[in-house]
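For the sequence shown, this note's numbering assigns the number 2 to the initial residue and increments by one for each residue that follows. All residues carry an ideal CB built from backbone N, CA and C; glycine is no exception.
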Amino acid sequence: INLNKKINNIIENDEINVKIYFKYSDGKKKLNIYKEDLSERQLEFLNSFVFQDDKDVKTCRTIKSFTNIFPDLNKLTNNILETKNVFEIQRELNVPKEINVFFNAIKNHLTNVKKIKEEKELSLIYNKIYDYVWSKIYNKLYPKKPDIMDTSLKQKFNLYSWIEPFHLIKENYNYNFEFLLPKITNFFDYINIEKSPRKKIMNMNFIFESINTLLEFNQNKVNIGVDNQMPLLNYIFIKAKPKNIFTNCEFMELYIGDKIRKKEGNYLTQLKSIRDFTLNLTHNKLFNLTLEEFNKNCEIALENKEK
């Protein structure tokens with residue numbers, strides 16, 4: 002409780018002092034977040050080079066004010082002339098890089114102003130503030146409507162609902178899917194529910210760590226390769242039917258940051274590969290099944306869905 006009070010006080014009252022310059026028109030498309038306490042000479046340069054209209058510059062004194070002032074990029078997609086989706090706009094404006102300026106300012110404030118030196122406490126406070134910021138700006142950056150590919154995936158999940166482990170997993174291992182599936186389905190649900198990229202990625206990690214643990218237990222191997230993981234992951238993915246996973250993968254990829262070069266980047270690559278496998282699944286990618294049986298099972302699945 003005391004820690005949450007301390008964090009809430011930092012969010013509402015501590016001065017972080019950044020400015021947001023935002024302009025999105027045919028003539029100029031720019032988002033720039035910068036520290037207000039730059040030297041006078043630096044500010045003079047920035048103002049002459051970037052900022053031509055003061056009304057496009059907003060001052061954020063606190064973390065809370067930053068979340069209120071941060072532009073709602075979803076509103077741009079409502080423009081009848083705007084054909085880009087909100088992720089394309091974010092890449093165009095380099096939002097991940099710009100928003101990092103603000104998060105770095107928070108880190109600097111916690112270490113140099115609040116004098117939080119103990120690494121565990123610093124990480125805990127920073128993560129809570131990071132998640133708070135994302136809880137407030139998420140709806141300004143995450144698409145309001147699912148991607149068309151998410152709709153396609155939903156259809157594929159229904160079409161292939163009949164698939165059994167032996168259709169995808171060549172080796173005859175006695176995996177305990179009754180235990181594993183609810184657990185991993187829950188992690189997929191949280192990837193969709195959570196608003197912080199950090200928490201989405203954390204739940205993605207839990208999925209792969211759970212799979213690795215199962216494989217190590219069943220195959221008595223310490224080092225599990227992708228070839229061992231993928232068949233099992235393909236089956237679990239189809240059975241878990243993760244919501245909006247295409248959109249969530251794109252969102253995580255945008256905001257994964259330096260973790261793209263770590264295990265998280267590898268996991269995300271695999272998750273996208275599993276997703277694409279389901280989208281492009283055909284009879285010849287399955288085991289122990291004739292083409293006639295494949296088509297018949299798909300027909301029955303469609304009939305059951307219509308009922």
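Inter-residue Cα distance where the pair is residue i and residue j
{"i": "V96", "j": "L142", "result": "9 Å"}
{"i": "I17", "j": "F104", "result": "10 Å"}
{"i": "Y139", "j": "C250", "result": "15 Å"}
{"i": "D15", "j": "R62", "result": "8 Å"}
{"i": "N285", "j": "F278", "result": "12 Å"}
{"i": "M150", "j": "P144", "result": "13 Å"}
{"i": "N296", "j": "F238", "result": "21 Å"}
{"i": "L182", "j": "K146", "result": "27 Å"}
{"i": "E300", "j": "P243", "result": "23 Å"}
{"i": "F247", "j": "F189", "result": "12 Å"}
{"i": "F207", "j": "K31", "result": "37 Å"}
{"i": "A302", "j": "N159", "result": "7 Å"}
{"i": "K29", "j": "K116", "result": "40 Å"}
{"i": "F52", "j": "Y236", "result": "With a pLDDT of 47 at F52, under the threshold of 50, the modelled position of that residue is not reliable, and the figure given next carries that caveat. Taking the straight line from one Cα to the other gives about 53 Å."}
{"i": "I275", "j": "W135", "result": "27 Å"}
{"i": "K306", "j": "L292", "result": "21 Å"}
{"i": "Y127", "j": "K7", "result": "12 Å"}
{"i": "F167", "j": "K157", "result": "19 Å"}
{"i": "N187", "j": "E120", "result": "30 Å"}
{"i": "T283", "j": "P72", "result": "43 Å"}
{"i": "L4", "j": "I100", "result": "25 Å"}
{"i": "K118", "j": "K263", "result": "26 Å"}
{"i": "R199", "j": "T270", "result": "17 Å"}
{"i": "N267", "j": "I261", "result": "7 Å"}
{"i": "K85", "j": "K155", "result": "23 Å"}
{"i": "E294", "j": "L287", "result": "11 Å"}
{"i": "Y22", "j": "E172", "result": "57 Å"}
{"i": "I90", "j": "K98", "result": "13 Å"}
{"i": "N1", "j": "A241", "result": "Lying before the first or after the last residue shown, residue 1 is absent from the chain, which here runs from 2 to 308."}
{"i": "E304", "j": "D259", "result": "46 Å"}
{"i": "N177", "j": "I2", "result": "40 Å"}
Of the residues the options, the one placed nearest residue i, counting alpha carbons only
{"i": "E1", "options": "I185, I192, R199 and I239", "result": "Outside the displayed range of the chain (2 to 308) lies residue 1, so it cannot be described from this structure."}
{"i": "E165", "options": "N9, L255, L290 and L32", "result": "L290"}
{"i": "N148", "options": "V87, F67 and I126", "result": "Note that residue 148 is Asp in the sequence shown, not Asn. That would be V87, whose Cα lies nearest to the Cα of D148."}
{"i": "K65", "options": "K98, K137 and L216", "result": "K137"}
{"i": "E179", "options": "E172, S197, K171 and L215", "result": "L215"}
{"i": "P110", "options": "L123, K29 and K196", "result": "First, the amino acid is wrong: residue 110 is His here, not Pro. Considering only alpha carbons, the answer is L123."}
{"i": "Q196", "options": "Y176, Y174, A241 and F252", "result": "Per the sequence shown, the amino acid found at residue 196 is Lys instead of Gln. It is F252."}
{"i": "K273", "options": "L287, N245 and I90", "result": "N245"}
{"i": "E13", "options": "A241, I107 and E217", "result": "I107"}
{"i": "S26", "options": "K76, I11, I2 and N10", "result": "K76"}
{"i": "T112", "options": "I11, I194 and N298", "result": "I11"}
Segment limits, alpha helix (DSSP H) that includes residue i
{"i": "Y256", "result": "I246 to Y256"}
{"i": "Y191", "result": "F178 to I194"}
{"i": "N267", "result": "K264 to L280"}
{"i": "N159", "result": "I149 to L160"}
{"i": "L169", "result": "P166 to L169"}
Enclosing beta strand (DSSP E) for residue i [first to last residue]
{"i": "L4", "result": "Per DSSP, L4 belongs to no beta strand (DSSP E); it is in the alpha helix (DSSP H), N3 to N14."}
{"i": "K59", "result": "V58 to C61"}
{"i": "I21", "result": "V19 to Y25"}
{"i": "L32", "result": "K30 to K36"}
Proximity below 9 Å, CB of residue i to CB of residue j
{"i": "I257", "j": "I202", "result": "yes"}
{"i": "I34", "j": "K20", "result": "yes"}
{"i": "S162", "j": "L280", "result": "no"}
{"i": "E254", "j": "M205", "result": "no"}
{"i": "I170", "j": "L233", "result": "yes"}
{"i": "K213", "j": "Q230", "result": "Position check: residue 213 holds Asn in this sequence, whereas Lys was assumed. Contact flag set, yes."}
{"i": "T78", "j": "Y133", "result": "no"}
{"i": "I70", "j": "K59", "result": "yes"}
{"i": "V1", "j": "K36", "result": "The question about residue 1 has no answer, for the chain in this structure spans 2 to 308."}
{"i": "L94", "j": "L74", "result": "yes"}
Give, in chain order, every unbroken run of the alpha helix (DSSP H) that is at least 4 residues long and sits entirely within the segment 66 to 132. 87 to 94 and 96 to 109
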